[in-house]
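Asks:
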Amino acid sequence: MKSLICLDLDQTLWWDEKIPASALIAIKLAVQNGHLVFANTGRSRSSAWPSLEGLPFSGQIYSAGTEIWLEGQRIFFQPIGENRLRRIIDHFQGTDVGVCIEGSQKTFSNQKCRDLFAKVEQRKKGQKFFYSSVPDLSEMSAEDYGDGMKISLVDILPGSIDDLLEREGMAFTAFPFQDEDELINGEMTQKAYDKGRAFQIIEEILGQQYRTIAFGDSENDLSMFRHADIAVAMGNGAPAAKEAADLVTDSVLDNGLFHAFIKLGLLDENVRLEDYFDEPILSGLVN
Numbered sequence: 025m026k027s028l029i030c031l032d033l034d035q036t037l038w039w040d041e042k043i044p045a046s047a048l049i050a051i052k053l054a055v056q057n058g059h060l061v062f063a064n065t066g067r068s069r070s071s072a073w074p075s076l077e078g079l080p081f082s083g084q085i086y087s088a089g090t091e092i093w094l095e096g097q098r099i100f101f102q103p104i105g106e107n108r109l110r111r112i113i114d115h116f117q118g119t120d121v122g123v124c125i126e127g128s129q130k131t132f133s134n135q136k137c138r139d140l141f142a143k144v145e146q147r148k149k150g151q152k153f154f155y156s157s158v159p160d161l162s163e164m165s166a167e168d169y170g171d172g173m174k175i176s177l178v179d180i181l182p183g184s185i186d187d188l189l190e191r192e193g194m195a196f197t198a199f200p201f202q203d204e205d206e207l208i209n210g211e212m213t214q215k216a217y218d219k220g221r222a223f224q225i226i227e228e229i230l231g232q233q234y235r236t237i238a239f240g241d242s243e244n245d246l247s248m249f250r251h252a253d254i255a256v257a258m259g260n261g262a263p264a265a266k267e268a269a270d271l272v273t274d275s276v277l278d279n280g281l282f283h284a285f286i287k288l289g290l291l292d293e294n295v296r297l298e299d300y301f302d303e304p305i306l307s308g309l310v311n
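Here our numbering is used: the first residue of the sequence shown is 25, the next is one more, and so on.
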């Protein structure tokens, strides 16, 4: 049976968006062996694609399982919906909450969000962030509202949006850090979808069953772990990820993906990394 593999990005595929050569080799060879390998991220396509373009994946899964691409074609698309998104944005009008709407094609935010990332840029000594210069929410067209995939929120009072979430069928995931004033930041996604359900969606669309394998490093990857036949945690992963995993591999920078791909039979056990270092696929992709 062929395998369907989903890889988280941060601290799983790459570290600070620096990808080990061994990871690219593992992905390329697994695809050549007939397996499907997907990048699976909570990020929207508009923010993630620039970092994924040119990598040897079979496809990409964006926005917590609501947009799926296979071999350059979009095979699944479930946006929040124009009317629902308008209601959610209206809910925050007149509040001091930062709002960022990530669409498949474009991203928009209010001034508070842009100011936040501008401050982060200053702390990072000039490092530029995608979110600091996106257009304002007021510039969204009807098409942009229909394209919205997820909502990031800044400075939310804990429990203050519970009714909104229930009413609109949304889920809120807090980011793993908290402001000094006890306010929290996080993202709203559709309750009916998550990174793990993408396995089922892909199998249904393709009409084929696979051995499903999830690679991750944090609590955000546990939905993938629950849906997969085999869950693999990176050696650099959080305790919760390691406890939930069937296999703990080495860390990202210690060729963890490559070693796990061999152990799981996705690659020939006799493959040697040094035989592939001159492959054109590595040129310009590995930092």
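For each residue, glycine too, the CB sits at the ideal point set by N, CA and C.
Here the structure is a predicted model, which means the values were calculated and not measured.
1) For SER184, is the classification buried or exposed, using 16 other Cβ atoms within 10 angstroms of its Cβ as the cut-off for buried?
2) For the region 196 to 281, which segments carrying the beta strand (DSSP E) assignment without a break, of at least 3 residues, lie completely within its bounds, in sequence order?
3) Sort out for me which residues DSSP pairs TYR86 with in a bridge.
4) Select from VAL178, ASP253, ARG110, SER75 the residue whose C-alpha is nearest the C-alpha of LEU140.
5) Is the distance from the Cβ of ALA88 to the Cβ of ASP218 below 8 angstroms?
6) Contact between the region 27 to 35 and the region 236 to 250 is defined here as three or more beta-carbon pairs at a separation below 8 angstroms; is this criterion met?
7) Given a cut-off of 8 angstroms, decide if ASP160 and ARG132 are closer than it, judged by their beta-carbon atoms.
8) Can you grab the Cα-Cα spacing for the pair TYR234 / VAL121, in whole Å?
9) Quick one: what does DSSP say ARG147 is sitting in, helix, strand or coil?
10) By alpha-carbon positions, which one of GLU227, ARG108, GLY231 ends up nearest to LYS174?
11) GLN312 by DSSP, collapsed to three states: which one?
12) Examine chain E for any beta-carbon lying closer than 8 angstroms to the beta-carbon of GLU298, and answer yes or no.
13) For PHE40 and TRP73, what's the separation of their Cα atoms in angstroms?
14) Give me the DSSP bridge partner(s) of ASN5.
Replies: With the structure as the only source:
1) exposed
2) 208 to 214, 235 to 240, 254 to 257
3) GLU91
4) Out of VAL178, ASP253, ARG110, SER75, the CA that lies nearest to the CA of LEU140 is found in VAL178.
5) Cβ atoms of ALA88 and ASP218: closer than 8 angstroms.
6) yes
7) The question names Arg, but residue 132 is Phe in the sequence shown. Taking 8 angstroms as the Cβ cut-off, PHE132 and ASP160 qualify as a contacting pair.
8) 43 angstroms
9) helix
10) ARG108
11) Given a span of 25 to 311 for the chain in the structure shown, any question on residue 312 remains unanswerable.
12) Going by chain labels, chain E is absent from the structure shown, which holds only one protein chain.
13) The sequence shown places Asp at residue 40, rather than the Phe named in the question. For ASP40 and TRP73, the distance between alpha carbons rounds to 16 angstroms.
14) With the chain covering only 25 through 311, there is no way to say anything about residue 5.
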